[in-house]
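Asks: When we follow the numbering used here, the leftmost residue of the sequence shown carries the number -4, and every step to the right adds one. Think of the CB as a built atom: it goes at the ideal place given N, C-alpha and C, for glycine as much as any other residue.
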Amino acid sequence: MTPEQAKFAAHLYCQTLENEYPATKKVLAAIPEAKKSYRPEECARTAFELAAHLASADIWFLQGIAQGDLAPQPDRTFKTVTEIVEFYDKEFPAAIAKIKGLPAEKLAQTIPFFGIFNLPAAAYLGFANNHSIHHRAQLATYLRPMGSKVPSIYGGSYDEPMQMAAH
């Protein structure tokens, strides 16, 4: 990938990630604190564990891409759902801003990933987006069984119907 291609790809991926950010934040915030230990099966993560992973990994990917190092790190430790949402709300915009400020050459540099991939930095933005959507969808399926409302993500939900723009 040339530096120019990397800059273009990063621009598109950053727009996509920024568009996904509000929906992810809504799903995280919809977890009822009193039911955060819910899990659909014994082998599944709890809602709280999944939320901590989702928020931690989104920021880890962005910071790692900016630093040129995607070394494994454990998920951050949180005490409450509100703490996760506040962390995500503060750190995501700052992390995406760093990516947007990277020079094209840095976005084209290859970064090893767990001995599995060796891709240009910009390519990991797509991977980060897919990872985030995957875990957000898992978490969204937990909400109704926990007694929470399911927010709209790509269109209306039963609890948050789509509102058409007035013409």
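Following a CB-centred definition, is Ala160 positioned closer than 7 angstroms to any heavy atom of the ligand NAD?
Replies: Of ligands this structure carries none, so the ligand NAD is not represented either.
Asks: Mapping the DSSP letters down to three states, classify Ile79 as helix, strand or coil.
Replies: Here Ile79 sits in helix by DSSP.
Asks: Kindly indicate the opening and closing residues of the beta strand (DSSP E) around Pro234.
Replies: Any property of residue 234 remains undetermined from this structure, which presents the chain solely from -4 to 162.
Asks: Compare the C-alpha of Leu49 against each of Tyr16, Ser147, Thr(-3) and name the closest.
Replies: Nearest of Tyr16, Ser147, Thr(-3) to Leu49, Cα basis: Tyr16.
Asks: Within 10 angstroms of the Cβ of Ser51, are there 16 or more other Cβ atoms? Answer buried if so, exposed if not.
Replies: Answer is buried; the Cβ neighbour count reaches 16.
Asks: Starting from Thr136, trace the alpha helix (DSSP H) in both directions and tell me its first and last residue.
Replies: Start and end: 118 to 138.
Asks: Quick one: is Asp53 buried, meaning 16 or more other Cβ sit within 10 Å of its Cβ, or exposed?
Replies: Asp53 comes out buried.
Asks: Between the stretch 108 to 120 and the stretch 136 to 147, do three or more beta carbon pairs fall short of 8 angstroms?
Replies: Judged by Cβ distances under 8 angstroms, the stretch 108 to 120 makes no contact with the stretch 136 to 147, as fewer than three pairs qualify.
Asks: If Phe73 and Ala47 are in contact, beta carbons under 8 angstroms, what's the gap, nearest whole angstrom?
Replies: Confirmed, Cβ separation roughly 5 angstroms.
Asks: Would you mind working out which of Phe56, Thr75, Asp70 sits nearest Lys30, comparing C-alpha positions?
Replies: It is Thr75 whose Cα lies nearest to the Cα of Lys30.
Asks: If I measure Cβ to Cβ from Gln41 and keep anything under 7 angstroms in the same chain, skipping five residues before and after, which residues do I get?
Replies: According to the sequence displayed, residue 41 carries Thr and not Gln. So the list reads Lys31, Ser32, Tyr33, Arg34, once near-sequence residues are dropped.
Asks: Rounded to a whole number of angstroms, what is the C-alpha to C-alpha distance between Glu37 and Leu45?
Replies: Answer to the nearest angstrom: the Cα atoms are 14 angstroms apart.
Asks: Answer yes or no: do Ala1 and Ala103 have a C-beta to C-beta separation smaller than 8 angstroms?
Replies: Against a cut-off of 8 angstroms, the Cβ pair of Ala103 and Ala1 comes out as a contact.
Asks: Using DSSP with H/G/I as helix, E/B as strand and the rest coil, what is Phe3?
Replies: It is helical.
Asks: Short check: CB of Ile79 to CB of Leu23, under 8 angstroms?
Replies: Yes.
Asks: Return the bridge partner residues of Thr105 from the DSSP annotation.
Replies: BP columns for Thr105 point to Pro115.
Asks: Beta-carbon within less than 6 angstroms of Phe87's beta-carbon, same chain only, minus the 5 sequence neighbours each way: which residues are those?
Replies: Excluding sequence neighbours, Phe87 sits near Tyr16.
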